[in-house]
Amino acid sequence: MSHPGKGHPVYDFIVQLLEEKGAVPEHSAMASYRYLENGHIDSLAFIKFIFRIEERFQIRLSEAEMLGDRIKTVGGLVALIEEKRAQS
Numbered sequence: 160m161s162h163p164g165k166g167h168p169v170y171d172f173i174v175q176l177l178e179e180k181g182a183v184p185e186h187s188a189m190a191s192y193r194y195l196e197n198g199h200i201d202s203l204a205f206i207k208f209i210f211r212i213e214e215r216f217q218i219r220l221s222e223a224e225m226l227g228d229r230i231k232t233v234g235g236l237v238a239l240i241e242e243k244r245a246q247s
């Protein structure tokens, strides 16, 4: 499955949020980037990160979604946000 990349609004917003916390990998590696495992953001920053995403895209992520595997990579998070946006 191919993930949206640079120029896609959800992807670009997530990358922007991550860049606020430090350098990010090249865009070719971004879809599989595991930002939590790599220490890019900590647990407190993660809560703020999710809050900003929910506000920007007018969605709500469930506790199960926030603890699931999909949210752990940029590509999985983009796909999850797109699904939530389509449901609203």
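Using this note's numbering, you'd call the opening residue of the sequence shown number 160 and step up by one each time.
Just so you know, even glycine gets a beta-carbon here, dropped at the ideal spot from N, CA and C.
Source: prediction; values computed, not measured.
Output the boundary residues of the alpha helix (DSSP H) element that contains TYR170. Residues 168-178.
With a threshold of 16 other CB atoms inside 10 Å of the CB of GLY234, please say whether the residue is buried or exposed. GLY234 should be labelled buried.
Could you tell me the alpha carbon to alpha carbon distance between LEU239 and GLY181, rounded to whole angstroms? 24 Å
MET225, buried or exposed, once every other Cβ within 10 Å from all chains shown has been counted against 16: exposed
Can you tell me which of the three DSSP states GLY164 falls into? Here GLY164 sits in coil by DSSP.
Spatial neighbours of GLY164 within its chain, please: CB distance less than 8 Å, with the 5 preceding and 5 following residues excluded, ordered by chain position. Excluding the 5 residues flanking it on each side, GLY164 has same chain C-beta neighbours closer than 8 Å at TYR170, HIS186, MET189, ALA190, in chain order.
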